[in-house]
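So the protein sequences, as listed, match chains A and B. The working numbering applies: residue 36 is where the first sequence begins, and numbers increase by one. The working numbering applies: residue 19 is where the second sequence begins, and numbers increase by one. Contents: one structure, followed by commentary.
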Amino acid sequence: TPVQKSLLSFFKPK
Amino acid sequence: MLEARLQTGALLKKVLEAIKELITDANFDCSDNGIALQAMDNSHVALVALLLRHDGFEPYRCDRSLALGVNLVSLSKVLRCAGNDDIITLKADDTADVLSLTFENTDNDRISEYELKLMDIDSEHLGIPDTTYEAVVQMSSAEFARICKDLQVLSDSVQIDVTKEGVKFGAKGELGSGAVTLKQNGNVDKEEEATLIELQQNVSLNFSLKYLVNFTKATPLASRVSLSMSSEVPLLVEYKMEAGYIRYYLAPKIGE
């Protein structure tokens, strides 16, 4: 089953 | 200081309804460009980016950039005291410790004034990379809301498949499975209801329905919604308003 990724693995703090 | 007068106060009420369940506290970043907000939900799965451009207000004045830290539940409670047809004026001075809200009715014979205490919110902004999406679906926002709600009966996830023929939303769960396919139909008479697809490449992605249903609280803000997708990157769900937008980003579910 697919696992929920975190947004932080795509968008980095500025 | 900030002074922003919104002729259609109902817009601000709708904006709050569209974000208050996803995020609890956020900074309204005010600048000469307008009022913006960027915040992630507590579990770091979804992000809201809101822009109310200065030209949506009359007048709009912001001499110096200000971050107004707001508890969104409190703000939405105060906004419930405004009539739907009221004109809403937001004011804050440079110390930004309170947000003043004035609600005027259309006959201009009832004026109510509220002050909301502001808070310091230490929020870091995320850099959202410029993305050329492999698939962009534009569709009726009410249809999108209905599909998400219907499929939630079956599962907590939806698989979205986009091809040039159409977009398919599918869900599988313990009680069975379901799918809704919308064919690309740019020729329909009712432009508002058309499903339009711009496609570089077919995509197939899984997302949490709980979040998507939450995003559809923005449906009263726009008759259209766009879903922008690429393999293994966050989905962008955008509702465009006359002077601004509300964008939601949702991290995908990815198979191990």
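In this text, a Cβ means the ideal position worked out from N, Cα and C, and glycines have one as well.
Three-state class that DSSP yields for residue i in the structure shown
i: residue 80 of chain B; result: strand
i: residue 51 of chain B; result: coil
i: residue 168 of chain B; result: helix
i: residue 45 of chain A; result: coil
i: residue 110 of chain B; result: strand
i: residue 251 of chain B; result: coil
i: residue 236 of chain B; result: helix
Nearest neighbour of residue i, chosen from the options [CA to CA]
i: residue 46 of chain A; options: B:227, B:237 and B:143; result: B:143
i: residue 228 of chain B; options: B:156, B:55, B:40 and B:52; result: B:40
i: residue 237 of chain B; options: B:34, B:204, B:115 and B:149; result: B:34
i: residue 246 of chain B; options: B:240, B:239 and B:254; result: B:254
i: residue 230 of chain B; options: B:133, B:28, B:197 and B:167; result: B:167
i: residue 66 of chain B; options: B:270, B:264 and B:269; result: B:264
i: residue 98 of chain B; options: B:208, B:30 and B:183; result: B:30
Boundaries of the alpha helix (DSSP H) in which residue i is found, first to last residue
i: residue 216 of chain B; result: Run containing residue 216 of chain B: none in the alpha helix (DSSP H); it sits in the beta strand (DSSP E), 214 to 217.
i: residue 197 of chain B; result: Element bounds for residue 197 of chain B: not the alpha helix (DSSP H) but the beta strand (DSSP E), 194 to 201.
i: residue 36 of chain B; result: 28 to 37
i: residue 95 of chain B; result: 90 to 97
Identified DSSP bridge partners for residue i
i: residue 65 of chain B; result: B:58 and B:267
i: residue 105 of chain B; result: B:122
i: residue 41 of chain B; result: Partner(s): none; residue 41 of chain B has no beta bridge.
i: residue 74 of chain B; result: DSSP output for residue 74 of chain B lists no bridge partner at all.
Host beta strand (DSSP E) of residue i (start-end)
i: residue 153 of chain B; result: 153 to 158
i: residue 275 of chain B; result: Past the boundaries of the shown model lies residue 275 of chain B; chain B is included only from 19 to 274, so the question cannot be answered.
i: residue 244 of chain B; result: 242 to 247
i: residue 141 of chain B; result: Segment: none, residue 141 of chain B is in no beta strand (DSSP E) and carries neither H nor E.
Status (buried if at least 16 other CB within 10 Å, exposed otherwise) for residue i
i: residue 129 of chain B; result: exposed
i: residue 226 of chain B; result: buried
i: residue 135 of chain B; result: exposed
i: residue 213 of chain B; result: buried
i: residue 273 of chain B; result: exposed
i: residue 188 of chain B; result: buried
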